[in-house]
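Everything on this sheet refers to the single structure shown next.
Protein chains in written order, with our numbering: chain A, 450 to 551; chain B, 6 to 223; chain C, 17 to 125.
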């Protein structure tokens, strides 16, 4: 596998969280899967907890991003008139690019 | 995989705690027997690990001391410095870990993201999957932070959660909830008190509490 | 595919506010996990421990206190990885229980 020198996403990219059917230890909670958010920060590269959980420590390290969601996107509650947000960290392999809003 | 555990688990059921506000979500708390059980088990595990040459008793004692030494006073030191030193604050917001280490506080986590409260933004920290918290700086999280109710509700109805902590946010204030699910850990940088310029550093530090750093106060 | 620990967004009651003390055995549990996961040992990582309590099953997960979960998870993973055996652990637990019972019976005179 070739190493990427630059990450797949940059700040302000819109992304969708994949609904991966992974057994075992994952750190992407159910409530953000399939949702669309915005990259707000690149966090660096970290070993994949899905691998660490089964003792695989040799890598590769995965790009980690902080992704921001509108409260309404996550919970679909039309009564929420506020501009509240949720921010969570998502590993690269859980992310899919979405066409940018022009 | 199931473990053949010979221990009786006494009273590991839910304990309800009544309060003037009504029914609280139960916290599972060990009773005396459960705590004795826990002590016996960890002592036994420690013995086995020592006999296998994997650790020593002095190492465990030292590791416990290291767990006990961080606390809110360290977070308060960071915040008070950020309030009084704009260049430090900028460094803190840009790279929390290195700025915190700069003032002699050691940081075990991969990175600390410091999120700033402003007149129009309020930040709240949670960990829905378990209990992630900047332990190497602040020590252990409070019981409510790791409770099912806090973990479940902060991402979905954070304003109601804040109401339970006595905080009412106007709708002009944007609330940002941070779920610490991966390698980052979070500290809230609260707004300084109105008269902070008149306060000495010690008084300023003493004014900053744990709840301010998690985001359940404002 | 949703773990029972993955509760973000679930309905729940009011937040229990009582502050609990942090007991010696709980600190010892954390200390030992930290030591076993450190750079010189790398015997059990945080994620392995998390996998441990995510594998308890909902009932066991729900009945344990927070630190007890971590202790039990650590034991499960150490046994799984053949770092320790159930038999040797049970033996030492029994010895320590005997000592505790004996000391308790001698009372606090």
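Just so it is clear, CB atoms sit at the ideal spot from N, CA and C, and this is done for glycine as well.
Remember, predicted model here, so these are calculated numbers, not experimental data.
Rounded to whole angstroms, how far is the Cβ of residue i from the Cβ of residue j, which I believe are closer than 8 Å?
i, j, result
"residue 129 (chain B)", "residue 97 (chain B)", "Between residue 97 (chain B) and residue 129 (chain B) the Cβ distance is about 19 Å, and since that is not below 8 Å, they are no contact."
"residue 114 (chain B)", "residue 215 (chain B)", "Actually they do not touch by this definition, with Cβ atoms about 17 Å apart."
"residue 160 (chain B)", "residue 133 (chain B)", "6 Å"
"residue 89 (chain C)", "residue 153 (chain B)", "So it is not a contact: roughly 17 Å between Cβ atoms."
"residue 148 (chain B)", "residue 32 (chain B)", "6 Å"
"residue 24 (chain C)", "residue 187 (chain B)", "With 8 Å as the limit, residue 24 (chain C) and residue 187 (chain B) do not qualify as a contact, their Cβ atoms being about 14 Å apart."
"residue 194 (chain B)", "residue 121 (chain B)", "5 Å"
"residue 40 (chain B)", "residue 39 (chain C)", "6 Å"
"residue 113 (chain C)", "residue 45 (chain B)", "6 Å"
Skipping 5 residues on each side, what residues in its chain have a beta carbon closer than 8 Å to that of residue i?
i, result
"residue 86 (chain C)", "45, 46, 49, 65, 69"
"residue 59 (chain C)", "52, 53, 94, 97, 99"
Note down, in chain order, every chain C residue with its Cβ under 9 Å from the Cβ of residue i.
i, result
"residue 470 (chain A)", "17"
Could you work out which residues of chain C lie near residue i, taking near to mean beta carbons separated by less than 7 Å?
i, result
"residue 478 (chain A)", "22, 24"
"residue 498 (chain A)", "63"
"residue 153 (chain B)", "23, 28"
"residue 502 (chain A)", "63, 64, 66, 67"
So, for residue i: in the same chain, excluding its five sequence neighbours on each side, which residues have a beta-carbon less than 6 Å away from its beta-carbon?
i, result
"residue 483 (chain A)", "468"
"residue 111 (chain C)", "none"
"residue 502 (chain A)", "474"
"residue 79 (chain B)", "110, 142"
Ignore the nearest five residues each way along the sequence and tell me which others in residue i's own chain have a CB closer than 7 Å to its CB.
i, result
"residue 201 (chain B)", "88, 209"
"residue 251 (chain B)", "No answer is possible for residue 251 (chain B): the residues shown for chain B start at 6 and end at 223."
"residue 495 (chain A)", "510, 511, 513"
"residue 539 (chain A)", "466, 477, 514, 516"
"residue 112 (chain B)", "102, 105, 106, 141, 142"
"residue 480 (chain A)", "523"
"residue 212 (chain B)", "198"
"residue 119 (chain B)", "97, 98, 101, 192, 194"
If we ignore side chains and look at the alpha-carbon of each, how far apart do residue i and residue j end up?
i, j, result
"residue 169 (chain B)", "residue 31 (chain C)", "8 Å"
"residue 74 (chain B)", "residue 493 (chain A)", "29 Å"
"residue 74 (chain C)", "residue 20 (chain C)", "6 Å"
"residue 462 (chain A)", "residue 477 (chain A)", "19 Å"
"residue 474 (chain A)", "residue 121 (chain C)", "45 Å"
"residue 109 (chain B)", "residue 102 (chain C)", "43 Å"
"residue 48 (chain B)", "residue 105 (chain C)", "10 Å"
"residue 82 (chain B)", "residue 155 (chain B)", "27 Å"
"residue 500 (chain A)", "residue 490 (chain A)", "23 Å"
"residue 176 (chain B)", "residue 206 (chain B)", "33 Å"
"residue 17 (chain C)", "residue 145 (chain B)", "30 Å"
"residue 182 (chain B)", "residue 62 (chain C)", "24 Å"
"residue 487 (chain A)", "residue 220 (chain B)", "23 Å"
"residue 534 (chain A)", "residue 119 (chain C)", "56 Å"
"residue 70 (chain B)", "residue 217 (chain B)", "25 Å"
"residue 223 (chain B)", "residue 22 (chain C)", "28 Å"
"residue 26 (chain B)", "residue 139 (chain B)", "Residue placement at residue 26 (chain B) cannot be trusted, given a pLDDT of 45 that sits under 50; the coordinates are not used to answer."
"residue 117 (chain B)", "residue 100 (chain B)", "7 Å"
"residue 53 (chain B)", "residue 108 (chain C)", "8 Å"
Counting only Cβ pairs nearer than 7 Å, list the residues of chain B close to residue i.
i, result
"residue 59 (chain C)", "59"
"residue 56 (chain C)", "Near residue 56 (chain C) there are no residues of chain B at all, since even the closest Cβ is about 10 Å away, more than 7 Å."
"residue 112 (chain C)", "45, 48, 49"
"residue 122 (chain C)", "Going along chain B, no residue has its Cβ under 7 Å from residue 122 (chain C), so there is no contact; the nearest lies around 16 Å."
Report the neighbours of residue i on chain C: residues whose CB is nearer than 8 Å to its CB, in chain order.
i, result
"residue 72 (chain B)", "43, 46, 47, 50"
"residue 47 (chain B)", "41, 44, 45, 48, 87"
Which chain B residues are close to residue i, counting only those with a beta carbon under 8 Å from its beta carbon?
i, result
"residue 482 (chain A)", "The contacting residues do not exist; residue 482 (chain A) stays about 12 Å from chain B at best."
"residue 533 (chain A)", "163, 164, 179, 180, 181, 182"
Show which residues of chain A have a CB atom less than 8 Å away from the CB atom of residue i.
i, result
"residue 186 (chain B)", "476, 477, 478, 537, 538"
Output, in chain order, the set of chain A residues within a Cβ distance shorter than 7 Å of residue i.
i, result
"residue 133 (chain B)", "478"
Residues in the stretch 156-181 of chain B with C-beta within 8 Å of chain A's C-beta atoms, listed in sequence order?
-> 160, 161, 163, 164, 176, 179, 180, 181
Any residues in the stretch 65-78 of chain C with a beta carbon nearer than 8 Å to a beta carbon of chain A? Which ones, in chain order?
-> The stretch 65-78 of chain C vs chain A, Cβ under 8 Å: 66, 67, 70.
The stretch 110-121 of chain B: positions lying closer than 8 Å to chain A by Cβ | 115, 116, 118
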